[in-house]
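With positions in the sequence shown counted from 1, the corresponding number in the numbering used here is that position plus 259.
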Amino acid sequence: MVATPDRQHIHPIEGTNKSDRVAVLLMGYGEVESYEDFANYNEQALNLLTAKFAPVPTWIYPPLAKLLAMFDLHEWQHQHDHFVSPHNHIFEHQRASIEKSLQEKWGDRIQVFKAFNFCKPFLPEQVLTEIKSQGFEKILIYPLLVVDSIFTSGIAVEQVNSALESLSEGDAHWLKGLRYIPSFYNEPTYLDLMAKLVEEKIKKDLTDKYLPSQIGIILLNHGCPHEAKGFTSGIDESQILYELVRERLIHRYPLISVGWLNHQTPLIKWTQPNAELAAKNLMELGAKAIIFMPIGFATENHETLLDVEHIIHGLHKKNSDVTYVQMPCVNDEP
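In structure tokens, the structure reads:
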């Protein structure tokens with residue numbers, strides 16, 4: 260498979276029984292690469308995400324999406340010097356690496372397709388149309404998102420079901436087999452990697468300057484609303500993720516806190532402490548250095564980059580004597 264910015268090109272496989280072939284549907288949010296796409300992106304996000312927890316009438320989505328696009332444009336273009344999210348580029352590296360690893364064992368009967376919840380031309384319906392046209396009869400759905408919730412795997416399955424319904428042909432469905440891989444928030448390999456990355460960063464940049472008890476570690480999770488209309492919001496899974504990573508670090512570094520990257524949605528109760536409050540709390544306990552480590556995000560995005568940068572900038576204004584370290588997501592770490 261060769262992926263381009265416009266579409267995924269699949270080279271047909273000769274001599275392979277199509278019933279033995281499996282298409283892996285690797286799913287992520289995707290992020291805007293062209294500022295002209297902000298309004299469309301926001302409207303889809305409002306329909307699929309905000310509708311699950313906020314009492315907002317659907318008729319207001321289009322004008323609200325355009326208003327939010329104006330704020331996004333100001334932030335990305337003016338405040339951050341024409342910022343372009345690396346998310347989609349990194350996600351493609353993740354896709355290619357996963358495909359390479361799978362094909363080393365299973366050969367070219369396995370192919371990995373990427374689908375983005377909100378970004379054309381990789382919307383699930385577009386990608387499943389391509390998968391169908393290539394003769395696949397089996398798919399494996401794999402949302403590359405750390406925590407299962409209505410806002411991650413939930414909308415992924417919702418979009419897949421909608422796409423499959425539109426692609427059905429009468430009573431006989433073209434799809435003969437479907438499997439699903441749940442999230443990996445409690446997988447020991449992922450947890451060990453999170454702790455390892457933090458320890459390596461401390462050893463490299465902070466050990467010579469600070470005692471272990473002076474190093475504050477904020478483990479960043481994606482914020483969750485407390486109410487999600489009865490759906491699973493991801494709070495419990497995210498909290499378990501935090502506790503399991505914390506267990507691996509607490510004996511060496513006692514100042515550890517969860518930090519939630521919440522959205523600024525009025526009238527909605529979000530998880531606490533947010534990342535800024537978590538940092539202030541650790542400084543109050545004597546932290547002279549603060550590490551921000553995203554554990555609830557598998558792929559770099561504007562939240563782990565711009566939002567954390569905003570938080571650090573605000574903290575530095577009031578506490579310039581503290582060292583702040585912004586770590587990347589796991590991204591394509593082996």
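We treat Cβ as the ideally placed atom computed from N, Cα and C, and that holds for glycine.
Answer with yes or no whether the minimum CB distance from residue i to chain C is below 9 angstroms.
i	result
H341	Within the model displayed, chain C is absent; a lone protein chain is all it includes.
Please tell me whether, using a cut-off of 8 angstroms, the distance from the CB of residue i to the nearest non-hydrogen atom of the ligand ADP is below it.
i	result
N590	Looking for the ligand ADP in the displayed structure turns up nothing, as the structure carries no ligands at all.
In whole angstroms, what is the alpha-carbon distance linking residue i and residue j?
i	j	result
W529	W365	44 angstroms
I527	D279	47 angstroms
I349	P471	32 angstroms
D580	K462	20 angstroms
F247	L423	With the chain represented from 260 up to 593, any question about residue 247 goes unanswered, as that position is not in the structure.
D467	P383	49 angstroms
N578	I571	10 angstroms
R505	E358	31 angstroms
H346	P316	30 angstroms
V405	L564	17 angstroms
I303	R511	Checking the sequence shown, residue 303 turns out to be Gln, not Ile. Each residue's Cα considered, the two are about 44 angstroms apart.
L544	P553	22 angstroms
L508	H485	28 angstroms
By DSSP, does residue i sit in helix, in strand, or in coil?
i	result
Y583	strand
W318	helix
P553	strand
D265	The predicted position of D265 is uncertain, since its pLDDT is 47 and thus under 50; a value taken from the coordinates is nonetheless stated next. Here D265 sits in coil by DSSP.
I527	coil
L479	strand
K373	strand
A282	strand
F489	Looking at the sequence itself, residue 489 is Gly, so the reference to Phe does not match. Looking at G489 - three-state DSSP - the assignment turns out to be coil, as it is neither helix nor strand.
V517	strand
A548	strand
G287	strand
N445	coil
Report yes if the C-beta distance between residue i and residue j is below 9 angstroms; otherwise report no.
i	j	result
I369	I400	no
G573	L403	no
A548	G489	no
G436	I398	yes
L284	V419	yes
F372	A282	yes
L426	K391	yes
V584	L465	yes
Y294	F377	no
For residue i, which residues of its own chain have a beta-carbon under 7 angstroms away from its beta-carbon, when the five flanking residues on both sides are left out?
i	result
N540	S516, P532
V589	L452, A557
L503	N445, L450
T309	V315
Quick one: residues in its chain with C-beta nearer than 6 angstroms to the C-beta of residue i, no 5 flanking neighbours on either side, listed in chain order?
i	result
G518	I477, L479, A534, A537
W335	F342
Near residue i, what residues of its chain come up, given a Cβ to Cβ distance below 8 angstroms and the 5 sequence neighbours on each side ignored?
i	result
E562	H481, L520, F556
Within the region 397 to 439, note down every full alpha helix (DSSP H) run reaching 4 residues or more, in order along the chain.
-> 414 to 426
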